[in-house]
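Each remark here refers to the structure printed beneath this line.
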Amino acid sequence: MTNDISFLERLLDAPGPSGFETRAARVWREEADGFASDVRVDVSGNSFASVNPGGSPRVMLAGHIDEIGLQITHVDEDGFLYFDGIGGWDPQVLVGQR
């Protein structure tokens, strides 16, 4: 369980907004390298891992690694931040972010 928590902490600490997922994907590949027989990345930056590639049945798990991203565009004289979003996101989920 400690390894799971450590992996989750490293993954959450790695920035990964849409279009800039390289560091988060690297953390995932480093973790997958511990259990997969083949870990690789393609020219588009997609990461893949294979476990028992000749086995049966064949199962594929797919997911995305990007996260909500914001780019500060202006700070006013009262310290309020103005920003643009990176990628698509729902403003309701922003409340739970740090």
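Quick note: the sequence shown uses our numbering, first residue 204, plus one each step. Heads up, the beta-carbon is just placed ideally off N, CA and C, and yes, glycines get one too. Please read these numbers as outputs of a predicted model, since none were measured by experiment.
query                                                                                                                                             : result
For the alpha helix (DSSP H) holding A252, just list the boundary residues, first then last.                                                      : That residue, A252, is in no alpha helix (DSSP H); its beta strand (DSSP E) goes S250 to S253.
In chain order, what residues of the same chain lie with their CB nearer than 6 Å to the CB of A252, ignoring the 5 residues before and after it? : A235, A239 and V242
Roughly how many angstroms lie between the CA atoms of S209 and H277, to the nearest whole one?                                                   : 35 Å
For the alpha helix (DSSP H) that V230 lies in, which residues bound it at each end?                                                              : T225 to A235
E270 by DSSP, collapsed to three states: which one?                                                                                               : strand
Would you kindly work out how many angstroms separate the C-alpha atoms of V244 and R213, rounded to a whole number?                              : 19 Å
Give the C-beta separation of T225 and G248 to the nearest angstrom, bearing in mind that I take them to be a contact with Cβ-Cβ under 8 Å.       : 7 Å
Is the beta carbon of G266 less than 8 Å from the beta carbon of S221?                                                                            : no
If contacts are defined as beta-carbon pairs under 8 Å, then I275 and L284 qualify, I think. What distance do you get, rounded to the angstrom?   : 5 Å
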